[in-house]
Amino acid sequence: MRSKRRLVLSVIAVMTAISLTACGGNKDATNHYNANSYGHDGYLGLSNSNPHLPNRNGNFLNQNDDGNFAQRQLLQQVSGIKRVNIMFRTPDMDVTIAPKKGVNKARLKREATAVLKKNMPRYNVHVKVS
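So the sequence shown is residues -24 to -1, 1 to 106, counted in mature numbering (1 follows the signal peptide of the UniProt record, and there is no 0).
What follows is the structure, given as structure tokens:
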């Protein structure tokens, strides 16, 4: 008799716990559940949470490869650059550009910032033209 009573009380306790957990939820003012979006990295956000996944070029996502990619491929598209220095302070990417003589610094900064932000969305890109 005692074991049946314990079993019944245990079942009631479990059912109560299950029903109470179903009542919770993180809802906003419009009664919709909040959803976290993922980064637009082509991997449904996985590379933002796991930096050791290879990207489309077969490289792994790390700052050395990112710096080389930015300097040797992305910034080569922008004309008027004499020298580039890239420093990472995750999640920031600080880029200092030395322009060639006679180059419009505002145009250079605008174009370099646009190409880096488009292709390196994991970083907060800051471009400085010296």
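The beta carbon of each residue, even a glycine, is placed where N, CA and C say it ideally should be.
- For Val60, the closest C-alpha among the options Ala(-12), Lys104, Arg(-20), Pro67 is that of Lys104.
- When C-alpha distances from Lys58 are compared across Thr(-4), Pro67, Phe64, Arg48, the shortest belongs to Arg48.
- Selection Gln52, Arg(-23), Thr(-9) evaluated against Pro75 yields Gln52 as nearest (Cα-Cα).
- Residue nearest to Ile62 within the set Val(-17), Asn44, Val79, Asn95 is Asn44 (criterion: CA-CA distance).
- For a cut-off of 8 Å, the C-beta gap from Met96 to Asp42 is around 7 Å, short enough to register as a contact.
- For Asp68, the pairing in a beta bridge is given by DSSP as Arg65, Asn100.
- Between Ser55 and Val79, the C-beta spacing is below 9 Å.
- Membership of Leu84 in the alpha helix (DSSP H) is indicated by the continuous run 81 to 95.
- CA-to-CA, the gap between Val101 and Thr(-4) works out to about 42 Å.
- With at least 16 other beta carbons inside 10 angstroms of its own, Val71 counts as buried.
- In summary, Ile(-13) is exposed, with fewer than 16 beta-carbon neighbours lying within 10 Å of its beta-carbon over all protein chains present.
- The continuous alpha helix (DSSP H) containing Asn40 extends over residues 39 to 45.
- When the five nearest sequence neighbours on each side are left out, the beta carbons in the same chain lying within less than 8 Å of the beta carbon of Val91 are those of Leu50, Leu51, Gln53, Val54, in order along the chain.
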